[in-house]
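Residue numbers (the numbering used here): 1 to 180. First up is the structure itself, then whatever we jot down about it.
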Amino acid sequence: VSANQRVVELDQARKEFYLQEHINTLMNMQIGERWDFGFMRPCNRKNLIRYLCAMQNNEIIRIAVLDMNNGAKNQGLRCILEILNRYSKEKDILFNIRVFDVRQKNEVPDISFDVYISSGGPGSPFDEEGWIWEQQFFSLINQLYKYNTQADEYDKKHVFFICHSFQLACRFFKTGNVCK
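What follows is the structure in structure tokens.
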């Protein structure tokens with residue numbers, strides 16, 4: 001079984017688990033009750049049914065937002081989430097968004113997401129060279145790169161590196177010279 005087939009099987013199992021979990025919640029929802037399922041906007045019963053149908057038909061875009069701020073206060077992450085929320089509403093597209101605190105909590109997503117947005121952050125891209133979070137971040141980049149070299153054009157994973165993350169990606173791919 002190839003790595004891509006394992007990811008597809010894992011995604012299918014995860015999707016079936018979430019569908020069952022949300023169906024159970026739907027059955028217990030009261031008319032007019034609103035519920036927040038971890039995607040950007042709370043929903044009512046009608047929207048939850050739409051969400052479940054979209055999930056079943058693979059019409060939900062799963063987005064991993066990698067917080068590279070290391071606990072430092074800034075507006076970047078808030079703005080990223082606001083932009084995603086606004087775009088989702090304006091285009092009537094369902095997003096399932098999960099934020100990972102990469103540098104402070106060593107949280108790194110797997111490769112089951114459709115889109116990865118990696119924020120900027122404080123400090124030099126060399127300050128924490130070799131730290132566990134950096135090794136995990138580079139491992140993710142490597143896995144995504146390998147996946148994309150084998151995936152069909154429509155199944156590729158999309159990654160957007162911002163500032164600090166872009167400098168780290170340049171280091172990883174050995175493209176350019178990251179300096180002061």
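For every residue, glycine included, the Cβ atom is placed at its ideal position computed from N, Cα and C. No experiment lies behind these values; they were computed from the predicted model shown.
Per DSSP, residue 148 is one residue of the alpha helix (DSSP H) stretching across 132-150. Counting C-beta atoms within 10 angstroms of its own C-beta, residue 150 has fewer than 16 neighbours from the protein chains shown and is therefore classed as exposed. Of all alpha-carbon atoms in 130, 102, 114, the one lying nearest the alpha-carbon of residue 154 is that of 114. Residue state for residue 102 is assigned as helix, using DSSP reduced to three classes. In the displayed model, residue 160 falls within a strand according to three-state DSSP. Collapsing the DSSP output to three states places residue 95 in a strand. Under the DSSP definition of a beta bridge, residue 116 partners with 64, 159. By the CB criterion at 8 angstroms, residue 102 and residue 67 fall inside the cutoff. Within 10 angstroms of the beta-carbon of residue 62 lie 16 or more other beta-carbons, which makes it buried.
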